[in-house]
Amino acid sequence: MKESEAKSDAVRRSAVRGCLIGGAVGDALGAPVEFLNRDAILESYGADGVTGYVEFGNETGAITDDTQMTLFTAEGLLRAVVRFKGKGIWDPVAVVNSAYLRWLKTQGGEVYSDHCGLDTGWLIREKQLFRQRAPGMTCIQALENNARDFRSRNNSKGCGTVMRMAPVGLLLEPEEAYEYGCRFSAITHGHPTGITAGGAFAMLIAYLFSGKKLEDALALVEHHLQTQDGSAETLAALRAARTASAPAELGEGWVAEEALAISVHCALNHQRKFEKGVLEAVNITGDSDSTGAIAGNILGVINGEEAIPEPWRRNLREYEIVSRMADNLFQRFEEDSTSGDVSREWWEKYPGF
Ligand SMILES: [Mg+2]
């Protein structure tokens, strides 16, 4: 759990909200152009490409699976903390696996187990989350199949690992964030790069949340990766993110290490400008909603909620849900450092299983 930091409560709350809301905003900005190349984006939306919410499937400002799965990662982690507080059992992989099965249910997938509390907690009751917005088939299929040990048998390194992992870095210390970022990634993706990129992103968010500058946080993540199995591609991609002169040099972001590198590159280019950094990540040839979401997480935790343009916050369709989850993540973190027992209210919102 997080140690208390020198930063004020208000600053930390803004960072947590900035991270989650920023990711959702980037996701909603990128979703309409996910399957367009950069030339087609500029042709459709003008010389600057997308500069705000544009229509996608008859609506604007709506999140996709990236934010849905981020919310269920957060839910699972909070339920793991509640389980630990209430029962003394620290078993986050099983509890987060169950959270992903609840997400699978929202997407109409076939859920193999009825022991995971499918209808419990507040998040699964949010009907807005049941909409299908191009969910990643790797995640769907892996969750339908991996009934035994919470490890996918596929060999995928799709970016579905990285794009959902920000909450891990908001709740856990950096090294623990890496470990669990990897283990939560392995629930759906079997390739080492998919797994280590998810861990690296969780660790990066943890360092940024602790107040490290982006360059310093990156150096620490790279240093850690040097000692970790299966991390060669992730490490190489992060190094390339520093030196690339354009996002296109880093790939298209369909795979995990590329999505991470593109997002980091855009954040490095515009560290104090949420709007510019996220739009650069969105207006690429490639997986625009995921790179928008990841860049939004990074720039949001660095700059706080206030740095996100107000109309983007106001017009985000799932604002209330994302906002509530961010506040719960922040509250839980605060409670951890002080009190013991779990209140009835918390147990009902986040049952410990
Ligand atoms: Mg998506």
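Residue numbers (this note's numbering): 5 to 357.
Don't be surprised by glycine CBs; every beta carbon is placed ideally from N, CA and C.
Assigned with DSSP and collapsed to three states, Phe-60 falls in strand.
With fewer than 16 other Cβ atoms from the protein chains shown falling within 10 Å of its own Cβ, Gln-132 counts as exposed. For the options Glu-130, Cys-270, Ala-285, the alpha carbon positioned closest to that of Gly-34 is the one of Ala-285. Under the criterion of beta carbons closer than 8 Å, Glu-309 and Ile-25 qualify as touching, at roughly 6 Å.
Counting every other CB atom within 10 Å of its CB across the protein chains shown gives Asn-159 a total below 16, marking it as exposed. Using a Cβ-Cβ distance cut-off of 8 Å, the segment 215–225 and the segment 264–275 are in contact, since at least three pairs of beta carbons, one from each stretch, lie closer than that value. In this structure, Ser-294 has its CB closer than 7 Å to one or more heavy atoms of ligand 1. As DSSP reads the structure, Gly-162 sits in a beta bridge with Val-259. Between the segment 40–50 and the segment 298–315 there are fewer than three inter-stretch CB-CB distances shorter than 8 Å, so the stretches are not counted as touching. DSSP, reduced to helix, strand and coil, places Lys-216 outside both helices and strands of the structure shown, so it counts as coil. Around the beta carbon of Lys-91, fewer than 16 other beta carbons sit within 10 angstroms, so the residue counts as exposed.
By the beta-carbon neighbour count (other beta carbons within 10 angstroms, threshold 16), Gly-112 is exposed. Arg-83 and Asp-43 have their alpha carbons spaced roughly 44 Å apart. By the Cβ neighbour-count rule, Thr-231 is exposed, with fewer than 16 other Cβ atoms within 10 Å of its own.
Between the segment 99–109 and the segment 321–337 there are fewer than three C-beta pairs closer than 8 Å, too few to call the two in contact. Contact between Val-172 and Tyr-184 holds, since their C-beta atoms are separated by about 6 Å, short of 8 Å.
Comparing C-alpha distances from Arg-328 to each of Ala-252, Leu-264, Glu-130, Ala-241 shows the shortest one belongs to Glu-130. Within the same chain, Pro-96, Val-100, Pro-171, Val-172, Leu-175 come within 7 Å of Leu-81 by CB-CB distance, once the 5 residues on both sides are set aside.
By the Cβ neighbour-count rule, Asp-345 is exposed, with fewer than 16 other Cβ atoms within 10 Å of its own. Excluding sequence positions up to five before and after Lys-353, its CB lies within less than 6 Å of the CB of Trp-126, all in the same chain and listed in chain order.
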